[in-house]
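If you count by this note's numbering, then the sequence shown holds residues 53 to 293, one letter each, in order. Cβ coordinates follow ideal geometry from the N, Cα and C atoms, glycine included. Small disclaimer: the values here were computed from a predicted structure and weren't measured. This report concerns only the one structure given below.
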Amino acid sequence: MAGHSHWAGIKHKKGKADKQRSKIFSKLSKEITVAAKLGDKDPAMNPRLRSAIQAARSANMPKDNIERAIDKSSAASGVNFENLRYEGFGPDKIAVIVETLTDNKNRTASNIRTIFQKSGGSLGTQGSASHNFNQLGIIKIDKKEISDENIFELAIESGADECISHNEFHEIQCSISEIYNVKKKLEKIISNFISTEIEWVALNNANVEKDKHDTVIEFLETLEEDDDVQNVFSNANFGNN
């Protein structure tokens, strides 16, 4: 559920999804619970919750798990989760943005800092890495839902800025302020979405040297495995050699 373009592709190739299923479900459940806690428990009235549920369905999370996560929002009324962002540079000087959802920011900060330091990287201040990225609304749709030609027309009509058809999915890009307006128009034609998220898209990719591939991938995976981490974005490009 994290990363963009090159990193996402590497993850899928490595076939890690099944091994990390419980971890993915845990992160999705937390987002559903927080979205339901902060807004309406009816997905039709709560865009963040609707998107979280759609992401859970795309990950094949059982319906019972989704309902339990929504119900848990009432029990979690005394727990305050915060969305916190960390930025820094990892092995081979790749720029990295880490988005977390935590009920203990001291624990999270300590864990993230340790992961960066152990990899030979460094955690920076806010803005140190994000100037290498654009923050965009990203809506992903399975290619089985609609053809390349039709999605392009629909994206334009819906007010999107960009539409890219990859091998397995269509990616619609728009400004973060317009993401739910664009999504609402798309929903008139499309019923199933892979994900609707705010992502950090690299302006320029950093080519990772071949002998550093394993080190960089291990670093990104270790970040993702932390319970408080929701998303990891980097400008790493593994396809150069």
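Item: Counted within 10 angstroms of its Cβ, other Cβ atoms place alanine 102 as buried (16 or more) or exposed; Value: Just to set this straight, residue 102 is arginine in the shown sequence, not alanine. Buried, because 16 or more other Cβ atoms sit within 10 Å of the Cβ of arginine 102.
Item: Helix, strand or coil at serine 247 [DSSP, three-state]; Value: strand
Item: Whole beta strand (DSSP E) elements within the segment 181-245, 3-residue minimum; Value: 185-194, 214-217, 221-226
Item: Helix, strand or coil at leucine 136 [DSSP, three-state]; Value: strand
Item: Per-residue DSSP class, three states only, for serine 171; Value: coil
Item: Residue of Gly211, Leu188, Ile246, Ile216 minimising C-alpha distance to glutamate 201; Value: Ile216
Item: Cutoff 6 Å; reference tryptophan 252; Cβ partners in own chain excluding five residues on either side; Value: Ile149, Phe185, Gln187, Phe285
Item: Residue burial classification, valine 131 (beta-carbon count within 10 angstroms, cutoff 16); Value: exposed
Item: Histidine 218 versus alanine 207 - alpha carbon distance; Value: 15 Å
Item: Coil, strand or helix - phenylalanine 290 by DSSP; Value: coil
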